[in-house]
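Listed in order, the protein sequences are those of chains A and B. Going by my numbering, the first residue of the first sequence is number 1417, and it counts up by one from there. Going by my numbering, the first residue of the second sequence is number 905, and it counts up by one from there. We treat Cβ as the ideally placed atom computed from N, Cα and C, and that holds for glycine.
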Amino acid sequence: MDMAAPRETQSESPILRLQSVDKLFGDFVAVERVDLDIREGEFFTIVGPSGSGKTTLIRMLVGMDKPSGGDILLRGRRINDVPANKRPTCMVFQSLALFPHKSVGQNIEFPLKIRGVPPAERRERAEQLLRQLHLPLDYHRKPVGQCSGGEQQRVALARALAFDPEILFFDEPLSAIDYRLRKALEKELKDIHRETGKTFVYITHSLEEAMVMSDRIAIMRGGRIVQVGTPDEIYNRPRNRFVSEFMGEVNVIEVERAGERLRDTATGTELVGPHLPEGFRHGFLVVRPETFRFLDGAGGAATPNRLEGTLYNEYSLGSRLQYQVRVGASVFLVEKLREQRYLGQLDDRVTIGWDPAEAMLFEE
Amino acid sequence: MALDTDARSLESELEDSGHARRAQAGGAAARLGAWVKQPGPLLGGPLMLFLALGFVGPLLLVAAFSLIPPKTFDLSGGWTTQNYVDIVTESYWISFAWSFGLAAVTVVCLLAVCYPLAYAMTKVFGRAASLLTLLLVIPLFVSENIRLFGWVLSLVKGGVLPGAADLWLGIDISGLLYTVPAIVLGLVYVYLPFMLFPMVLGLSMVPDRLREAAIDLGASRWQLFREVELPLAMPGILIGCLLTFILALGSLAESKILGGSVVVMIADDIESAFTFAQNWPKGAALSVLLMVLAGGLIFAVLSRLDLDKILGRG
């Protein structure tokens, strides 16, 4: 992640600035008071579950919808009322939106044709893009309908790059692609980002996808931005329970204050938490599965947080193993590297515990 | 791999049993019997029979009649091309020209009228579009002739339109009826649904996301129309054009009712040959000629336009 650091300091003034942007559909508030600065040349990802307003937000950024309030500034110029076809930005659609009646080459050349670029020059640029995106040159004549899913992704990206936008937006273009191809395309997209040096703004519902590609991530929920930061910041210092849960499977224990300690509201067990914030009364303790340890009699005595339960199931996650431990009515997930696997059997009585410093405490 | 071999041996087994069955049956009659028992021919049979009797039969009969001597009704009397020679030497080309010309003008007018309407019905009106569809369909339940006489009442001297124009605007438009524009009006009016609905279908096949993508990539309204909407809606538009052209080409009532005797269209000639002149062979020859010309034209248009390519399935 050190590699991402110089990129962040590249530019002081943002290429795109959102100031208190709202979008209302009737009484429904889809996007509420969003402030964001997107820096020149960065790969910025907006992540949120479906219905979080991220698609509405990106539609305003490309000019397909107008904000109900607030300002969108491109290099300091207000572009709220500039229609999509007059903006120097473009988007790769979730459905790709390739023109089915045109060949691969005609699709890629479309933005150039619109601008009146002469055919020979268009062709040259299209072939350059085909090479850049690892597509065979004879695809120029191929109907887009005959291309595979991954090839269509590349054609859509090539078409957007042919437009030569100042900012390239992506509306979940990889969501319908199977896992392996998606992983490959994520990396390829990041490579393209490095090669072109353009500003990429990507939206997705998968934080995992965002983590792989992004320089910075904004997490959206209910039309608002919850947290903005580098992947490291988001992972290590999630702002609230929602962000931490969004990161992947976590264990959430509802707790209340008991002096300088915490009490599990479900079982009444006393727990030691991280540093308690001023005025904390009630909240949630989030423990990542990988921070749990199996405590055997002697070694675990020093660990203040202990839960006794039954080993109910074991799942293989490839390089790691995940265990389901049932403690009373609650279910906890414990993850171990394969070489540190638990050597007992299912239905064993086990004690699990964690270091207080490694858990995260949230009031909401 | 094991699965592969199994499949192959199964295939050859099937083939073997097929050979055996064929050998057992033998004979063309038995093969025909087996063919008829397949679901395709079995289910398609009744319709094929109906089409043979109701469509192919009469067509062949017309073709046969066109080749017997003028003003005879006897198919057993020897063949002649006299009817065709008569048609070419007489002035029938004028009727043909009027029919083709008016059909072409009708199609052009319909394109201009229907495209905006179809666009509005698919993209602008939303729910109101279905109401509009209903309003456009309802007149189809009323006989064409009655609707045309309605236009006569509207256009005739002292009728609804000229009367109103005279009364309120003081303009004299009493000469509207029995003119070529009146015929075109009638043709456009009567065949409007046949252009509109295929066009609506064609335009509804253009996904909104493609429009958005084109605009996002910088396309102006006109470029969007040229590059995306028109080519994608083309199958529907073409079907509409062909339908209305063929219908207008064979139309009769519009020129008779709204045109009076200002224009004689080819269908008019065919009708009078069969009825008034009692010259079936000439009527038959005119019909054959019309079908050949129309068929040839459609073939020429369709062979130059690859529907698959338009639809992007090429």
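- Chain A places a beta carbon closer than 8 Å to that of PRO1135(B), counting this residue as a contact.
- Taking each of GLU1537(A), SER1519(A) and SER1429(A) in turn and checking the Cα distance to GLY1492(A), the smallest one comes out for SER1429(A).
- For ARG1531(A), the chain B residues whose Cβ falls inside 9 Å of its Cβ are GLY1122, in order along the chain.
- Chain B has no Cβ within less than 8 Å of the Cβ of PRO1772(A).
- Rounded to whole angstroms, the separation of the alpha carbons of LEU1105(B) and PRO1097(B) is 12 Å.
- LEU1597(A) is positioned such that its CB atom lies closer than 8 Å to that of GLY1566(A).
- When secondary structure is reduced to three states using DSSP, GLU1540(A) falls in the helix class.
- Per DSSP, ASP1173(B) is not a residue of any beta strand (DSSP E); the alpha helix (DSSP H) it occupies stretches across 1170-1178.
- Per DSSP, SER1484(A) lies in no beta strand (DSSP E) segment and is marked neither H nor E.
- For the stretch 1094-1119 of chain B, the residues whose beta carbon sits under 8 Å from a beta carbon of chain A are, in order, PRO1111, ARG1113, LEU1114, GLU1116, ALA1117, ALA1118 and ILE1119.
- Assignment of VAL1498(A) by DSSP, reduced to helix, strand and coil, places it in the coil class.
- Within the same chain, VAL1750, ILE1768 and TRP1770 come within 6 Å of PHE1708(A) by CB-CB distance, once the 5 residues on both sides are set aside.
- Shown here is that no member of the stretch 1456-1472 of chain A has a Cβ falling below 7 Å from a Cβ of chain B.
- Beta-bridge annotation (DSSP): THR1505(A) is paired with ILE1583(A).
- Apart from sequence neighbours up to five positions away, the residues of its chain that approach GLY1521(A) with a beta-carbon distance below 6 Å are ALA1542 and HIS1556, ordered along the chain.
- Close to VAL1132(B), with beta-carbon spacing below 7 Å, are these residues of chain A in chain order: PHE1515.
- Looking from the CA of GLN1569(A), the closest CA among ASP1594(A), GLU1582(A), ASP1580(A) and PRO1581(A) belongs to ASP1594(A).
- A Cβ-Cβ contact shorter than 8 Å links LEU1190(B) with TYR996(B).
- Counting along the chain, no alpha helix (DSSP H) covers GLY1695(A), and no H or E run does either.
- If you draw a straight line from the Cα of ILE1454(A) to the Cα of PHE1460(A), it comes to about 7 Å.
- Judged by their CB atoms, GLY981(B) and PRO974(B) are not nearer to each other than the 8 Å cut-off.
- In this structure, the alpha-carbon of GLY1122(B) lies about 12 Å from that of ARG1575(A).
- Minimum Cα-Cα distance from ARG1754(A) among the listed residues PRO1772(A), VAL1747(A), LEU1553(A) and GLY1734(A) corresponds to GLY1734(A).
- Taking TRP939(B) as the centre and dropping the five residues before and after it, the same chain places the C-beta of PRO945 closer than 7 Å to its C-beta, in chain order.
- Nearest CB-CB separation between GLN986(B) and chain A: not below the 8 Å threshold.
- The distance from the Cβ of VAL1084(B) to that of GLU1158(B) is about 11 Å, inconsistent with a contact at the 8 Å cut-off.
- Annotated three-state conformation of VAL1478(A) is helix, per DSSP.
- Contact annotation: PHE1700(A) and VAL1668(A) have beta-carbon atoms nearer than 8 Å.
- Looking at the backbone, the Cα of ARG1673(A) and that of VAL1743(A) are separated by about 21 Å.
- In terms of CA proximity to GLU1131(B), ILE1119(B) leads the group ILE1119(B), TRP1002(B) and ILE1141(B).
- No Cβ of chain B is located within less than 8 Å of the beta carbon of ALA1536(A).
- MET1627(A) is not a Cβ neighbour of PRO1654(A), given a cutoff of 8 Å.
- A residue is called buried once 16 or more other Cβ atoms fall within 10 Å of its Cβ, and HIS1698(A), having fewer, is exposed.
- Within 10 angstroms of the beta-carbon of TRP1184(B) lie 16 or more other beta-carbons, which makes it buried.
- Within the same chain, and ignoring the five residues on either side of LEU1091(B) in sequence, the residues whose Cβ sits closer than 7 Å to its Cβ are LEU1006, THR1010, ALA1152, SER1155 and GLU1158.
- The beta carbon of GLN1127(B) sits closer than 8 Å to some beta carbon of chain A.
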